[in-house]
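S.K.: Here it is: the structure, laid out below.
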Amino acid sequence: MNIKKSNFFKFYRVFKNDTLVTEVSVNDFKPAKKWKVKNGADLDNVILKPVYFLPKDGKMFYGYASKGHAMEMAKAGALKYIGMLISQAEKGISQLKQYRIDHYDDLNINLLDANIRLTKNE
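Residues in the sequence shown are numbered from 1 upward in steps of one, following the numbering used here.
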């Protein structure tokens, strides 16, 4: 039996102020739950226009087509966030220290320019 390989689409997600690059397959999305209204009709048929909303600031993320670009943007976002924390002086110092501890491996190992170039060249 010859099984044709299906298309696999993915993107790389980086949450705002985070350094983790997550590969997301668009094939992994689960179908939406069917909702019924009082008269028994599917809610999909009742609502003509989909409703879109932005996630809360802490859950905001950016999607990128390539892993190398996502890594570059994660690094740039982290450095921008660190700069913002530094500008908050005393209040930001404790947040800055905790952020650096939480993201030490990504900033000092995973997101080095050499690793980004290596990933882009793959």
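Glycine residues also receive a C-beta, built at the ideal position from the N, C-alpha and C atoms.
Note that the structure is a prediction, hence the values are computed from the model and not measured.
Would you please state the rounded distance, in angstroms, between the beta carbons of Tyr-81 and Val-14? I believe it to be under 8 Å.
M.R.: No, Tyr-81 and Val-14 are not in contact; Cβ-Cβ is about 12 Å, not under 8 Å.
S.K.: Below 8 Å on the Cβ atoms is my contact criterion, and I expect Val-21 with Lys-56 to pass it. Report the Cβ-Cβ distance as a whole number of Å.
M.R.: No, Val-21 and Lys-56 are not in contact; Cβ-Cβ is about 21 Å, not under 8 Å.
S.K.: Using a Cβ-Cβ cut-off of 6 Å (strictly less than) and excluding sequence neighbours within five positions of Lys-75, which residues of its own chain qualify?
M.R.: Closer than 6 Å at Cβ, skipping near neighbours: Leu-111.
S.K.: Report buried or exposed for Ala-78, applying the criterion of at least 16 other Cβ atoms within 10 angstroms of its Cβ.
M.R.: The residue is buried, with at least 16 neighbouring Cβ atoms inside 10 Å.
S.K.: Suppose you measure from the CA of Ile-116 to the CA of Arg-100; what does that come to, to the nearest Å?
M.R.: Approximately 20 Å between the Cα atoms of the pair.
S.K.: I need the straight-line Cα distance from Val-24 to Met-84, nearest angstrom please.
M.R.: Roughly 29 Å separates the two Cα atoms.
S.K.: If we count the other Cβ atoms within 10 Å of its Cβ and call it buried at 16 or more, is Met-126 buried or exposed?
M.R.: Here the chain has residues from 1 to 122 only, and residue 126 is not among them.
S.K.: So, using beta-carbon positions, are Thr-19 and Leu-118 closer together than 8 Å?
M.R.: Result no, Cβ atoms of Thr-19 and Leu-118 do not sit closer than 8 Å.
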